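If you read the sequences in order, they're chains A and B. The first sequence begins at 0 in numbering that gives the first Met the number 0 and counts up one residue at a time. The second sequence begins at 0 in numbering that gives the first Met the number 0 and counts up one residue at a time. Ideal Cβ placement from N, Cα and C applies to all residues, glycine included. From a predicted model like this one, the values you see are computed outputs, not experimental measurements. Working notes, structure below.
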Amino acid sequence: MSLMNVMRQIGSGFGSTLIIFFFTLLFSMPLGILVALGRMSKIKPLSVLIQGIISILRGTPLMLQLIVVFYGPYYLFGMKLSTGWRLYATLIGFSINYAAYFAEIFRAGIQSIPVGQTEAATVLGYTKVQTFVKIIFPQMVKRTIPPVTNEVITLVKDTSLAFVLAYQEMFTYAKQVSAAMSSLMPLFVAGLFYYLFNLVVTIAMDRIEKALSYYN
Amino acid sequence: MMKKLAALFLAGVMAASLAACGGSSAASTATSQAEKAEEAAQEAVEQTAEQTEAAVETATAEGREFVVGFDAEYPPYGYLDMATNDYTGFDLELAQELCNRRGWTLVKKPINWDNKDAEIDSGSIDCIWNGMTYTGREELYTWSRPYVNNSIVMCVMADSDIQSLADLAGKIVITQTDSSAQTALEGEELADLTASFAKLELNPSYNTCFQDMMTGAVDAIAVDIGVAQYQMKNNPDKFRILGEEVSKEQYAIAFKLGNEELRDQVQETYDEMLADGTVMEIAQHYAEDNLPEMLITEK
């Protein structure tokens, strides 16, 4: 059983890991902005509701949230689950969980912009939406890149939690190969894959940060 | 059609994101890209089939999907075959033959063993066919007739000074979480034996249990004999099975409680396979793991 063979086997699960990674970022970031705005809303009930949701999503294990999303429809409504639901439940679970974290990061970013800028924009005749889209949002993006990178890196490793729904991602494959070979070596190979992937993520985020720092 | 498009879109995005990762491993990227695209397309087809199936309900048993749930870390009953990159094992080969005869499509669905009840109750799998212990769980599922005689044994390091169950007093024993070995050890009959251990530890995977024992963290593993023999095949001269067995039990196929219709269909075809010798023929593929001797041949 050559090392190449093991890498090929584990690599075949890499695509499934990428699907979680990619779609979670795609859904959770925009959702995070909406949640952040809701959290800062002047409408008290909305703000309190969102605060509560964030509190639950951050305060319970992601693994448990995945289980609730996947089995919930059956236990609550008696729906028969299809095979495809495994992937959708995984993506929903990851997206809402990460949206909660992103929301707080974005809120920090938005609140770090001096109020004077909003006041100046109002005086200049900017509407609220214009002020947010053209003035606040671009600065928020630049300031939050380091903490967002943190979350993105954590996400790469968190994808392995999808095993709890028997979604076949890379670490699930690694464990299966490990069992078939009666050896722990495949798990270390999987670790190497995660590390290399995160290296690429780090370099990419670094580039983005540099590209956006045109005023410094 | 929409789902097909969605799957293709998914494959497209995947390809793009893989390409974005750059030339770290261009060759393997290309292969896995192709594989993934293929898989996505296949999934789309499968989903279409599922919809059709749902439409006709199970009125026509012909051509239905037969979703077998199994623990893919449980050789020799269900595991990943490194040569073909597909799941195989004694139970899965039996399931494949059964599906061929009934004209069903076999879907091999690896599950997380801890969630097996939720999986079977919610209908995301049709049955568990994976060295599933019948003894002691009679009332929890609708069962096929038992087909394998299993024993729970104690596995120790080859050079260990443990020779009998009595020697386990004051030692650390490990077993798989929610396994039949755990049930047996925690049952009344073996209460004295279990009480003599320094500790009974649990781990989600038998494979990790064996790694634990190699490091010396635990002294013995309570394990199904077939699993122990598979480990001994892969690690020659490392382990030893105690002559004294812990308990005896039987394997059967588990269906959702009350799903007798499906159980009867499976049992009927299984009996045919047993009668014409096909089951024994498949068991011979696993002669090294002792399966021919463990098979229940009488009806």
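Under a criterion of Cβ atoms nearer than 9 Å, the residues of chain B adjacent to Tyr73/A are, in order, Ala117, Asp120, Ser121, Gly122 and Ser123. If you check the CB distance, Ser179/B and Thr141/B do not come in under 8 Å.
Against chain B, a Cβ distance below 8 Å from Ala178/A picks out Ala71, Glu72, Tyr73, Pro74, Tyr78, Leu79, Ser204, Tyr205 and Asn206. Among the residues of chain B, those whose CB is under 9 Å from the CB of Asn4/A are Met81 and Ala82, following chain order. Pairing Met153/B with Lys237/B gives a Cβ-Cβ distance that is not under 8 Å.
Proximity of the region 44-53 of chain A to the region 76-94 of chain B falls short of the contact definition, fewer than three beta-carbon pairs being nearer than 8 Å. Considering only Tyr193/A, Thr117/A and Tyr87/A, the residue with the shortest C-alpha distance to Gln138/A is Thr117/A. Only buried fits Leu167/B, as 16 or more other CB atoms lie within 10 angstroms of its CB. The Cβ-Cβ distance between Glu64/B and Trp128/B does not fall below 8 Å. Listed in chain order, the beta strand (DSSP E) runs fully inside the region 155-206 of chain B are 171-175 and 198-202, counting runs of at least 3 residues. Judged by DSSP in its simplified three-state form, Asp70/B adopts coil rather than helix or strand.
For Phe238/B, the enclosing beta strand (DSSP E) stretches over residues Phe238 to Ile240.
Note that the region 21-34 of chain A does not touch the region 202-215 of chain A; fewer than 3 beta-carbon pairs, one per stretch, sit closer than 8 Å.
About 6 Å separates the beta carbon of Ala102/A from that of Arg38/A, a gap short enough to meet the 8 Å contact definition. Measuring C-alpha to C-alpha distances from Phe254/B to each of Gln266/B, Ser204/B and Arg100/B identifies Gln266/B as the nearest. For Asn258/B, there are no C-beta contacts with chain A under 9 Å, since the nearest C-beta of that chain is about 13 Å from it. Neighbours of Phe209/B in chain A, taken as residues whose beta carbon is under 8 Å from its own, are Ser181 in chain order. For Pro109/B, the closest Cβ of chain A is nearer than 8 Å. Contact residues of the region 213-246 of chain B toward chain A are Gln230, Asn233 and Asn234 (C-beta to C-beta distance below 7 Å). Distance from Ala173/A to Val188/A at the Cβ level is roughly 7 Å; contact confirmed, criterion being Cβ atoms closer than 8 Å.
For Ser177/A, the enclosing alpha helix (DSSP H) begins and ends at Met169 to Met180. Between the beta-carbon of Asn234/B and that of Ser181/A there is about 6 Å, and that keeps the pair under the 8 Å contact cut.
Contact annotation, Arg144/B with Ala251/B: C-beta distance approximately 7 Å; criterion of less than 8 Å satisfied. Out of Gly12/A, Ala210/A, Val140/A and Leu56/A, the CA that lies nearest to the CA of Ala107/A is found in Val140/A. Non-local beta-carbon contacts of Ile152/A in its own chain, meaning distances under 8 Å to residues more than five positions away in sequence, involve Asn197, Val200 and Thr201 in chain order.
The DSSP-derived three-state label of Ser246/B is strand. With the criterion set as a beta carbon lying under 7 Å from some beta carbon of chain B, the members of the region 50-72 of chain A are Tyr70, in sequence order. Ranking Cys98/B, Trp112/B and Arg100/B by CA distance to the CA of Asn202/B puts Trp112/B first. For Ser159/A, the closest Cβ of chain B is not nearer than 8 Å. Partner residues in the beta bridge of Pro109/B, as assigned by DSSP, are Phe69/B. For the pair of segments examined, the region 278-296 of chain B was found not to touch the region 187-205 of chain B: the number of CB pairs separated by less than 8 Å stays below three. Residue state for Thr126/A is assigned as coil, using DSSP reduced to three classes.
Relative to the Cα of Leu86/A, the nearest Cα in the group Ala161/A, Leu48/A and Leu183/A belongs to Ala161/A. By the criterion of a C-beta distance shorter than 6 Å, Ile224/B is surrounded in its chain by Ser150 and Val152, once the five residues flanking it on both sides are discounted.
Judged by DSSP in its simplified three-state form, Ile95/A adopts helix. Ile220/B: member of the beta strand (DSSP E) spanning Ala219 to Asp223, first to last residue.
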